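**Q** Can you read through this structure? Questions will come right after.
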Amino acid sequence: MLSIKEYLKLSITKFSAREKRLTAQSKNLAVIRVVLFLISLVLFIYFVITDNVILYWSVLSLFIVSFGILTGIHNKIEKGILRNKLWQRLKELNLARLEIDWEKIPLHSQDQIQELHPFQKDLDISGQHSLIHLIDTTISEQGHALLTTWLTSYKNNLTDIHSRQRLVKELISETRYRDKLQLAFLSVAKKKLNGDVLIEKLNQNNSLPSIRKILKILLVIAPINIILFLSFLLFSVPAFFSITVLIYLAIHWFNLKYISSLFEKADSLMSELGRFSTVLEFVEVNPLNRCPEAKELCSVFYSKHSPAKLFKRINRIIYALSFQKNPLFELLLNALFPWDFYFSYRFEIIKDEVKESLPKWLDVWYKLEALNSLSNFGWLNPGYTFPKIISEEENPLEIFSVKSIGHPLIPVSQKVTNDFTVNSMGEVSIITGSNMSGKSTFLKTAGVNLALAYAGAPVNATGMSTKLFRIFSSLKVNDSVTDGVSFFYAEVKRLKYLLDELNIETDEPLFFLIDEIFRGTNNVERLIGSRSYVKAISGKNGVGLISTHDLELIKLENKNKLVRNFHFKEDAIDGKMVFDYKLRQGPCPTTNALKIMKLEGLPIE
Numbered sequence: 022m023l024s025i026k027e028y029l030k031l032s033i034t035k036f037s038a039r040e041k042r043l044t045a046q047s048k049n050l051a052v053i054r055v056v057l058f059l060i061s062l063v064l065f066i067y068f069v070i071t072d073n074v075i076l077y078w079s080v081l082s083l084f085i086v087s088f089g090i091l092t093g094i095h096n097k098i099e100k101g102i103l104r105n106k107l108w109q110r111l112k113e114l115n116l117a118r119l120e121i122d123w124e125k126i127p128l129h130s131q132d133q134i135q136e137l138h139p140f141q142k143d144l145d146i147s148g149q150h151s152l153i154h155l156i157d158t159t160i161s162e163q164g165h166a167l168l169t170t171w172l173t174s175y176k177n178n179l180t181d182i183h184s185r186q187r188l189v190k191e192l193i194s195e196t197r198y199r200d201k202l203q204l205a206f207l208s209v210a211k212k213k214l215n216g217d218v219l220i221e222k223l224n225q226n227n228s229l230p231s232i233r234k235i236l237k238i239l240l241v242i243a244p245i246n247i248i249l250f251l252s253f254l255l256f257s258v259p260a261f262f263s264i265t266v267l268i269y270l271a272i273h274w275f276n277l278k279y280i281s282s283l284f285e286k287a288d289s290l291m292s293e294l295g296r297f298s299t300v301l302e303f304v305e306v307n308p309l310n311r312c313p314e315a316k317e318l319c320s321v322f323y324s325k326h327s328p329a330k331l332f333k334r335i336n337r338i339i340y341a342l343s344f345q346k347n348p349l350f351e352l353l354l355n356a357l358f359p360w361d362f363y364f365s366y367r368f369e370i371i372k373d374e375v376k377e378s379l380p381k382w383l384d385v386w387y388k389l390e391a392l393n394s395l396s397n398f399g400w401l402n403p404g405y406t407f408p409k410i411i412s413e414e415e416n417p418l419e420i421f422s423v424k425s426i427g428h429p430l431i432p433v434s435q436k437v438t439n440d441f442t443v444n445s446m447g448e449v450s451i452i453t454g455s456n457m458s459g460k461s462t463f464l465k466t467a468g469v470n471l472a473l474a475y476a477g478a479p480v481n482a483t484g485m486s487t488k489l490f491r492i493f494s495s496l497k498v499n500d501s502v503t504d505g506v507s508f509f510y511a512e513v514k515r516l517k518y519l520l521d522e523l524n525i526e527t528d529e530p531l532f533f534l535i536d537e538i539f540r541g542t543n544n545v546e547r548l549i550g551s552r553s554y555v556k557a558i559s560g561k562n563g564v565g566l567i568s569t570h571d572l573e574l575i576k577l578e579n580k581n582k583l584v585r586n587f588h589f590k591e592d593a594i595d596g597k598m599v600f601d602y603k604l605r606q607g608p609c610p611t612t613n614a615l616k617i618m619k620l621e622g623l624p625i626e
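Residue numbers are given in our numbering: position 349 of the sequence shown equals residue 370, and the series is strictly consecutive.
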């Protein structure tokens, strides 16, 4: 059985070969059309000159039919080439995501990362080379925002998480559906769509009440005009119609402001709708019959006011309004019947119908986009597993446990996985180890997988069970020259923020991650501050991991049962530092700072 990578590479090869074949066919047909045209032209001229009426009409007829057939075949091949390119693009994007080839993965949105967010920046959730950069397949601003919300949510709901998990599991198995949905995305997604712009257009210039009143008056006068005119022609009745026609024209003329340029506005709206219609109609005509929860989610598309039906009605109305562009037709039509006002009225009515239904469709579509991103991520990584999110009532003793946990942003060839368990609420794990041994990466690994778990996605582990936590990190603390904030003061503020969150009385405990605690100050004060801080946070409503170079902190385990020691180690082999990145219990038995300085040629006393 092929692996995902082998399948994707094989698919890319197949689509590439098919594109070459179709391109060759397209070129051949283009040549045949030119040859057919030239031969037909020569024969036609010859038979015209020889005055052979039957043959030159036969040649002309045969040319038109043959050229039409060839053009149809050529257009079909061109569409096939375009569709084939999209399929190939889809497979190439998935291969890039699987191999974590950042250069080939588009970054669709440059998110404004919140500096004070509990973990968004520290865990590389957003931005370049981030989790969202890797998995985001959305094409709308709102779908992207929803995916970001799920992955950065600080307070989560267990029911929502379980619901998303079930939906993601269902969609992972629907590979063909997801591919076709993604293909529909790619066909319209030159840039992120914005549903709010479309809704804003629908809410603009609603002249329905005024148009309705004017239309009622004109619908009364129009038949009177016709009756009076026919009476004048057939029964020699005085030309009373001239008065009613003047009234009709005056009412029409003085109220043109309500419908002037309506065709352009309607056409602009339909153009915007058209960008959404491809994916909305795809969801409508492809019900997920084998996925009960996903089908229920998309049920709003199966009502009598479905996207396809409403869009067809809008198209018909816009076609009727297009006669505004032809003065002669507009004059003739409106002279007999208030054509523009009638179809303007119809347009405003259907616009209200769309305005009522569209937000429901878009909300489901945004959710489907975000779910598709998580499902595609799960499909690309079949070795990942869905975590068990435990409620307090279900098992109050189980806190957090993972087997073979790894970081989803590290390529498989470089990835090392670890097991880790938290035994008690209030527990603090102190992680020591040499420089570059893997301490910071492990903290990020735990945090980013928790974020994935609460979003409803599979996690990079062979097994994971966890309570519902609020994630909080202090990993990438920065100073600020403009604000006059030093690195140490910024770290102090961040740790105070964490402590305040830990002291909040809530049913949802904190899962905190602190990298190199108090690194912004001297050794003596760092040790005093670190010991005091660990004592303050242990036993609280939360659990956490703290990395440090201060080996003195490991002594806290002897004084506090809620403090546990773990470490990463290294070896010096053939004059080089070698790391295995495996987490071990107990304090770190070695240090490597002096070794690294010596290896790099710095003087060591």
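For each residue, glycine too, the CB sits at the ideal point set by N, CA and C. Values in this document were obtained by computation on a predicted structure and should not be read as measured data.
Give me whichever residues DSSP pairs with E591 in a beta bridge.
**A** F600
**Q** Roughly how many angstroms separate the alpha carbons of I371 and R337, rounded to a whole number?
**A** 11 Å
**Q** State the Cα-Cα distance for the pair F88 and V74, rounded to the nearest angstrom.
**A** 21 Å
**Q** Using DSSP with H/G/I as helix, E/B as strand and the rest coil, what is M485?
**A** The answer is strand: DSSP assigns M485 an E or B state.
**Q** Alpha carbon to alpha carbon, what distance is there between L583 and R199?
**A** 46 Å
**Q** Using only CA atoms, which one of Q163, S79 and Y475 lies nearest to S174?
**A** Restricting attention to Q163, S79 and Y475, the CA atom closest to the CA of S174 is found in Y475.
**Q** Is it buried or exposed, A287, if we count other Cβ atoms within 10 angstroms and call 16 or more buried?
**A** buried
**Q** Under DSSP, the alpha helix (DSSP H) around R311 begins and ends at which residues?
**A** Element bounds for R311: n/a, residue is neither H nor E.
**Q** Could you say which of L572, E546, K576 and L496 lies nearest to L137 if we only look at CA atoms?
**A** Closest option to L137, Cα to Cα, is L496.
**Q** So, are the CB atoms of L155 and I33 less than 9 Å apart?
**A** Result no, Cβ atoms of L155 and I33 do not sit closer than 9 Å.
**Q** Taking just the CA atoms, how far does F421 sit from N636?
**A** Limits of the chain in this structure are 22 at one end and 626 at the other, which puts residue 636 out of reach.
**Q** Report the CB separation of E369 from I232 in whole angstroms; it is logged as a contact under 8 Å.
**A** That pair is a contact at about 6 Å.
**Q** In this structure, does DSSP put K556 in helix, strand or coil?
**A** helix
**Q** Helix or strand or just coil, what does DSSP make of S458?
**A** coil
**Q** Mapping DSSP to helix, strand and coil, what is Q135?
**A** coil
**Q** Give the DSSP bridge partners of V437, in chain order.
**A** In DSSP, V437 forms no bridge with anything.
**Q** Around the Cβ of G505, are there at least 16 other Cβ atoms within 10 angstroms (buried) or fewer (exposed)?
**A** The pLDDT assigned to G505 is 41, lower than 50, so where the model puts this residue is not dependable; a value taken from the coordinates is nonetheless given after this. Counting Cβ neighbours within 10 Å, G505 comes out exposed, since fewer than 16 surround it.
**Q** Between F600, R605 and A243, which lies nearest to A271 when the distance is taken from Cα to Cα?
**A** A243
**Q** Grab me the residues of E162's own chain with a C-beta within less than 6 Å of its C-beta, minus the 5 sequence neighbours each way, in chain order.
**A** K213 and N215
**Q** Have a look at A51 and R110 and give me their C-alpha separation to the nearest angstrom.
**A** 26 Å
**Q** Rounded C-beta distance between I451 and N586? I'm assuming under 8 Å.
**A** 6 Å
**Q** Can you say whether I22 is buried or exposed, counting buried as having 16 or more other CB atoms within 10 angstroms of its CB?
**A** The question names Ile, but residue 22 in the sequence shown is Met. With fewer than 16 other Cβ atoms within 10 Å, it is exposed.
**Q** Look at the alpha carbon of L254 and the alpha carbon of Y269, and state the distance between them as a whole number of angstroms.
**A** 20 Å
**Q** Determine the DSSP secondary structure at T453, reduced to helix, strand or coil.
**A** strand
**Q** Could you spell out where the beta strand (DSSP E) holding V423 opens and where it closes?
**A** F421 to I426
**Q** Quick one: Cα of W386 to Cα of G459, how far?
**A** Near 40 Å, if we compare the C-alpha coordinates of G459 and W386.
**Q** Please name the residue in E305, P313, L318 and Q203 whose C-alpha comes closest to that of K325.
**A** Checked all of E305, P313, L318 and Q203; the closest Cα to K325 is E305.
**Q** With a 10 Å radius around its C-beta and 16 neighbouring C-beta atoms as the bar for buried, classify Q225 as buried or exposed.
**A** exposed
**Q** I think D536 touches L418, with their Cβ atoms under 8 Å apart; what is that distance to the nearest whole Å?
**A** Incorrect: roughly 29 Å between the Cβ atoms, too far for contact.
**Q** Spatial neighbours of G447 within its chain, please: CB distance less than 8 Å, with the 5 preceding and 5 following residues excluded, ordered by chain position.
**A** S559, G560, K561, N562, G563, V564 and L583
**Q** Using 10 angstroms around the beta-carbon of D217, count the other beta-carbons present and answer buried if the total reaches 16, otherwise exposed.
**A** exposed
**Q** Can you give me the Cβ contacts of L331 inside the same chain, cut-off strictly under 8 Å, excluding the 5 residues immediately before and after it?
**A** I371, E374, V375 and S378
**Q** Taking the C-alpha atoms as reference points, what is the distance between T92 and L144?
**A** 55 Å
**Q** Between E526 and the rest of its own chain, which residues show a CB-CB distance below 7 Å, the 5 nearest in sequence each way excluded?
**A** none
**Q** Helix, strand or coil: how does DSSP classify N586 here?
**A** Three-state DSSP puts N586 in a strand.
**Q** Using 9 Å as the limit for Cβ to Cβ distance, is I60 near chain C?
**A** You won't find chain C in this structure, because it holds only one protein chain.
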